[in-house]
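Colleague: Before I ask anything, let me first share the structure, which is written out below as structure tokens.
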Amino acid sequence: MSNTSGDKKLVEKITSRDTDFAQWYTDIVKNADLADYSSVKGCMIIRPYGYAIWENIQKIMDARFKETGHENVYMPMFIPEGLLNKEKEHVEGFAPEVAWVTHGGSEELTERLCVRPTSETLFCEHYAKIINSYRDLPKLYNQWCSVVRWEKTTRPFLRTREFLWQEGHTMHATAEEAVEETLRMLDVYADFCEKDLAMPVIKGPKTPSDKFAGAVDTYAIEALMHDGKALQAGTSHYFGDGFARAFGITYKSKDNKDEYPHQTSWGTTTRLIGAIIMTHGDDNGLVLPPAVAPIQVVIVPVAQHKPGVLEKAHELYDKLAANGIRTKLDDSDNSPGWKFAEYEMKGVPVRIEIGPKDIENGQCVAVTRHNREKTFIALDDMLEGFKTAVQEKLEEVRSAIYEIALENRRKHTYNCTTIDEINSALKEKGDGFVRAMWCGSEECEDKVKELTGVGTRCIPFEQEKLSDKCVCCGRPAKKLVYWGKAY
RNA sequence: CGGGGUGUAGCGCAGUUGGUAGCGCGCUUGGUUUGGGACCAAGAUGCCGCAGGUUCGAAUCCUGUCACUCCGACCA
Numbered sequence: 001m002s003n004t005s006g007d008k009k010l011v012e013k014i015t016s017r018d019t020d021f022a023q024w025y026t027d028i029v030k031n032a033d034l035a036d037y038s039s040v041k042g043c044m045i046i047r048p049y050g051y052a053i054w055e056n057i058q059k060i061m062d063a064r065f066k067e068t069g070h071e072n073v074y075m076p077m078f079i080p081e082g083l084l085n086k087e088k089e090h091v092e093g094f095a096p097e098v099a100w101v102t103h104g105g106s107e108e109l110t111e112r113l114c115v116r117p118t119s120e121t122l123f124c125e126h127y128a129k130i131i132n133s134y135r136d137l138p139k140l141y142n143q144w145c146s147v148v149r150w151e152k153t154t155r156p157f158l159r160t161r162e163f164l165w166q167e168g169h170t171m172h173a174t175a176e177e178a179v180e181e182t183l184r185m186l187d188v189y190a191d192f193c194e195k196d197l198a199m200p201v202i203k204g205p206k207t208p209s210d211k212f213a214g215a216v217d218t219y220a221i222e223a224l225m226h227d228g229k230a231l232q233a234g235t236s237h238y239f240g241d242g243f244a245r246a247f248g249i250t251y252k253s254k255d256n257k258d259e260y261p262h263q264t265s266w267g268t269t270t271r272l273i274g275a276i277i278m279t280h281g282d283d284n285g286l287v288l289p290p291a292v293a294p295i296q297v298v299i300v301p302v303a304q305h306k307p308g309v310l311e312k313a314h315e316l317y318d319k320l321a322a323n324g325i326r327t328k329l330d331d332s333d334n335s336p337g338w339k340f341a342e343y344e345m346k347g348v349p350v351r352i353e354i355g356p357k358d359i360e361n362g363q364c365v366a367v368t369r370h371n372r373e374k375t376f377i378a379l380d381d382m383l384e385g386f387k388t389a390v391q392e393k394l395e396e397v398r399s400a401i402y403e404i405a406l407e408n409r410r411k412h413t414y415n416c417t418t419i420d421e422i423n424s425a426l427k428e429k430g431d432g433f434v435r436a437m438w439c440g441s442e443e444c445e446d447k448v449k450e451l452t453g454v455g456t457r458c459i460p461f462e463q464e465k466l467s468d469k470c471v472c473c474g475r476p477a478k479k480l481v482y483w484g485k486a487y
């Protein structure tokens with residue numbers, strides 16, 4: 001194609017992905033108008049285009065939560081110190097990163113209030129009041145809100161001091177039910193990531209040292225970013241009855257006994273937007289999975305002042321919009337080349353070009369974002385064929401970017417049986433997932449991290465026996481573990 | 001919290017030996033354009049991050065501070 005000059009200019013605007021991945025990431029966030037910095041460190045302004053992605057994520061996930069029987073609630077953003085302190089492990093885990101409110105106006109508060117870093121304690125306090133009988137169970141609550149964790153190092157979407165998320169908190173009569181719920185929601189997350197975000201994930205429990213503060217078991221979905229670093233895309237925790245005991249939550253069973261209910265919590269955050277950027281983006285900008293793209297199709301009229309062009313462009317727009325496809329017609333005065341570059345930067349999955357030549361030939365041009373491939377689509381009278389062709393293009397983008405991400409993960413997944421193998425794989429092929437056997441000891445986790453830089457990400461459900469011995473100590477291995485450098 | 005880098009117009013940057021601030025893009029108006037970031041003309045825009053200090057005079061020198069950013073340790 002004769003667009004090499006176009007490519008060159010684009011590359012000037014954002015840093016090349018392979019030159020400096022971190023800078024590339026920041027350039028995308030800014031140039032695609034996703035977010036801006038604010039005057040408070042670590043707190044970002046999520047701009048309309050970025051927020052629209054979040055709204056789409058919310059819409060899809062919320063529907064899945066409702067399908068699985070959950071109800072939305074809203075808890076206060078403040079937690080009294082005494083309440084936070086009720087569960088020992090939990091408070092120890094979060095204490096280093098909580099923000100405190102000490103004054104109301106000029107008056108010092110008698111008890112300082114923590115700005116929620118997570119809401120287990122608030123839910124527990126409430127559950128203690130509303131759960132009395134086995135008939136009250138299960139309680140399946142979720143809330144969409146923001147939380148605050150006073151992080152030291154911050155990056156837009158990946159790690160901010162305030163972030164948006166959803167946190168599900170559920171109570172069940174039995175351990176079996178609670179474990180089932182924990183895994184069900186992990187599956188909901190995994191399915192959402194793979195189908196809607198076109199992002200392959202590895203599912204499995206975290207190692208004990210990596211569990212959520214206060215949890216019996218923590219499960220995660222782990223994705224591999226384009227630079228070979230791992231990103232935890234969602235977590236689901238099984239709490240047992242630890243919080244219930246600490247907060248005095250009991251219910252009367254059928255045989256009139258006091259029992260402690262079993263609890264879960266699970267969450268995903270605006271970090272998913274960072275995951276989308278780093279999974280699918282390229283040197284021309286963002287690449288959005290169609291399911292969450294604020295604009296799925298952009299129509300760019302060419303020589304739009306020529307008779308008939310804008311009229312036809314509007315017809316195409318109406319057809320797509322009427323069929324629920326999020327479409328934008330850009331009839332601004334900017335040149336077509338400018339528009340091409342702009343919507344590529346913003347990751348719009350499909351572009352339709354329509355100009356005098358096309359109209360003459362009864363067609364339009366469709367360009368898929370991930371490979372910039374052009375195809376002609378015939379324009380029939382009712383535009384039915386056009387609509388169908390566009391829908392097919394959207395699906396084509398979805399499956400293609402999934403395959404690209406999967407291929408990247410394949411290329412950057414290494415089976416290793418010794419520390420030396422880990423080091424040479426990372427050195428030769430770059431960062432990635434290391435699959436290696438583990439004896440189960442925290443000492444080996446620490447040692448591997450120290451010697452190779454990779455930490456445990458999760459213990460995949462899909463186990464395989466690479467060797468009988470732990471990659472680190474050589475003692476009998478218990479599990480295959482995914483290791484990696486994490487965001 | 002340790003180590004590096006950067007703060008000057010909306011954005012990206014220049015600003016030498018201290019002498020009172022400039023370039024590109026963007027923005028506004030008018031016109032010509034439109035198949036890969038168009039062109040011409042005329043405009044508008046500055047607490048030089050903030051606070052002290054040195055000096056007749058500071059964007060420039062000194063001290064402090066804050067923010068952003070990258071690399072580590074900790075974390076969704």
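At position 106 of the first sequence (counting the first as 1) the number is 106 in this note's numbering, and the numbers step up by one without a gap.
Every residue, glycine too, gets a C-beta built ideally from N, C-alpha and C.
Go through its chain and collect everything with a Cβ distance to A175's Cβ below 6 Å, but skip five positions before and after it.
Modeller: Within the first sequence, the letter at position 175 stands for residue 175. Excluding residues within five positions, the ones whose Cβ falls inside 6 Å are H262.
Colleague: Are the CB atoms of A246 and E97 within a distance shorter than 9 Å?
Modeller: Position 97 of the first sequence, counted from the start, is the residue given in the question as residue 97. Position 246 of the first sequence, counted from the start, is the residue given in the question as residue 246. No; because the gap between Cβ atoms is not below 9 Å, this pair is not in contact.
Colleague: Excluding the five sequence neighbours on either side, which residues of its own chain have a C-beta within less than 6 Å of the C-beta of A321, listed in chain order?
Modeller: Position 321 of the first sequence, counting from 1, holds the residue named residue 321. These residues qualify, in order along the chain: T327.
Colleague: So what does DSSP say about T19, is it helix, strand or coil?
Modeller: For the purposes of this step, residue 19 is identified with residue 19 of the first sequence, where counting begins at 1. DSSP places T19 in coil when its eight states are reduced to three.
Colleague: Does DSSP put Q58 in a helix, a strand or coil?
Modeller: For this step, residue 58 is matched to residue 58 along the first sequence. Looking at Q58 - three-state DSSP - the assignment turns out to be helix.
Colleague: Assuming P498 and V397 are in contact, meaning their beta carbons sit under 8 Å apart, how far apart are those beta carbons, in whole angstroms?
Modeller: Nothing in the structure corresponds to residue 498, since the chain is present only between 1 and 487.
Colleague: Can you list, in chain order, the residues of its chain with a C-beta nearer than 7 Å to that of G69? Leave out the 5 residues immediately preceding and following it.
Modeller: Counted from its first residue, the first sequence places residue 69 at position 69. Here the set comprises L140.
Colleague: Examine the Cβ distances between the segment 33-53 and the segment 302-321 and report whether three or more of them are shorter than 8 Å.
Modeller: Counting Cβ pairs under 8 Å, fewer than three are found: no touch.
Colleague: Return the chain-ordered list of same chain residues with a C-beta closer than 8 Å to the C-beta of R47, the five sequence neighbours on each side being excluded.
Modeller: For the purposes of this step, residue 47 is taken as the residue at position 47 of the first sequence. Counting only Cβ-Cβ distances below 8 Å, and skipping sequence neighbours, we find D33, L34, A35, D36.
Colleague: CB-CB under 8 Å to A486, same chain, minus the five flanking residues each way: which ones, in chain order?
Modeller: Translated into positions along the first sequence, residue 486 becomes position 486. Taken in chain order, the residues that qualify are K229, A230, L231, Q232, G455, R457.
Colleague: Rounding to the nearest angstrom, what Cα-Cα distance links R159 and Q363 in this structure?
Modeller: Taking the first sequence and counting its residues from 1, one reaches residue 159 at position 159. Taking the first sequence and counting its residues from 1, one reaches residue 363 at position 363. Approximately 46 Å, taken between the alpha carbons.
Colleague: Excluding the 5 residues preceding and the 5 following V11 in the sequence, name in chain order all residues of the same chain whose CB lies nearer than 7 Å to its CB.
Modeller: Here residue 11 refers to the residue found at position 11 when the first sequence is read from its first residue. Caution applies to V11, whose pLDDT of 43 falls short of 50 and renders its modelled position unreliable; the value that the coordinates give is listed next. Counting only Cβ-Cβ distances below 7 Å, and skipping sequence neighbours, we find D283.
Colleague: Cβ atoms of P205 and I459: under 9 Å apart, would you say?
Modeller: Locating residue 459 in the first sequence gives position 459, where the first residue counts as 1. Locating residue 205 in the first sequence gives position 205, where the first residue counts as 1. Going by C-beta atoms, I459 is nearer than 9 Å to P205.
Colleague: Going by the beta-carbon positions, is the gap between I325 and F157 smaller than 9 Å?
Modeller: Looking up residue 325 in the first sequence gives position 325. Looking up residue 157 in the first sequence gives position 157. Result no, Cβ atoms of I325 and F157 do not sit closer than 9 Å.
Colleague: State the start and end residues of the unbroken alpha helix (DSSP H) segment that holds K203.
Modeller: Numbered from its first residue, the first sequence carries residue 203 at position 203. No alpha helix (DSSP H) contains K203, which is instead part of the beta strand (DSSP E) from 202-205.
Colleague: Are there 16 or more other CB atoms within 10 angstroms of the CB of S424, so buried, or fewer, so exposed?
Modeller: Walking along the first sequence from the start, residue 424 turns up at place 424. Per the 10 Å Cβ criterion, exposed.
Colleague: Measure from the alpha carbon of M75 to the alpha carbon of each residue in T110, H103, T121, then state which is nearest.
Modeller: Taking the first sequence and counting its residues from 1, the one referred to as residue 75 is at position 75. Closest by alpha carbon: T121.
Colleague: Relative to the C-alpha of F212, which candidate in T118, A128, W150 has its C-alpha closest?
Modeller: Mapped onto the first sequence, residue 212 falls at position 212. Nearest C-alpha to F212: T118.
Colleague: May I have the straight-line CA-CA distance separating D27 from I14, to the nearest angstrom?
Modeller: Taking the first sequence and counting its residues from 1, one reaches residue 27 at position 27. Taking the first sequence and counting its residues from 1, one reaches residue 14 at position 14. Going from the Cα of D27 to the Cα of I14 covers about 6 Å.
Colleague: Taking the DSSP output, what are the residues bridged to N415?
Modeller: Your numbering for residue 415 matches position 415 in the first sequence. For N415, which the question treats as bridged, DSSP gives the partners R435.
Colleague: Out of curiosity, what's the CA-to-CA distance linking K339 and V179?
Modeller: Numbered from its first residue, the first sequence carries residue 339 at position 339. Numbered from its first residue, the first sequence carries residue 179 at position 179. Rounded to whole angstroms, K339 to V179 spans 50 Å at the Cα level.
Colleague: Taking the alpha carbon of G281 as the point to measure from, which residue in L197, N132, G168 has its own alpha carbon closest?
Modeller: As a first step, residue 281 must be located in the first sequence, where it is residue number 281. Taking only the C-alpha atoms, the option nearest G281 is L197.
Colleague: Grouping DSSP H, G and I as helix and E and B as strand, with all else coil, what is S209?
Modeller: The sequence position of residue 209 within the first sequence is 209, counting from 1. It is helical.
Colleague: Kindly indicate which residue of M345, R409, W483, I130 has the alpha-carbon position closest to the one of S16.
Modeller: As a working note, residue 16 is residue 16 in the first sequence. The shortest Cα separation from S16 among M345, R409, W483, I130 belongs to M345.
Colleague: Let's see if you can read the secondary structure: which residues bound the alpha helix (DSSP H) around A35?
Modeller: Residue numbering aside, residue 35 sits at position 35 when the first sequence is read from its first letter. Note, A35: premise wrong, no alpha helix (DSSP H); beta strand (DSSP E) at 35-37.
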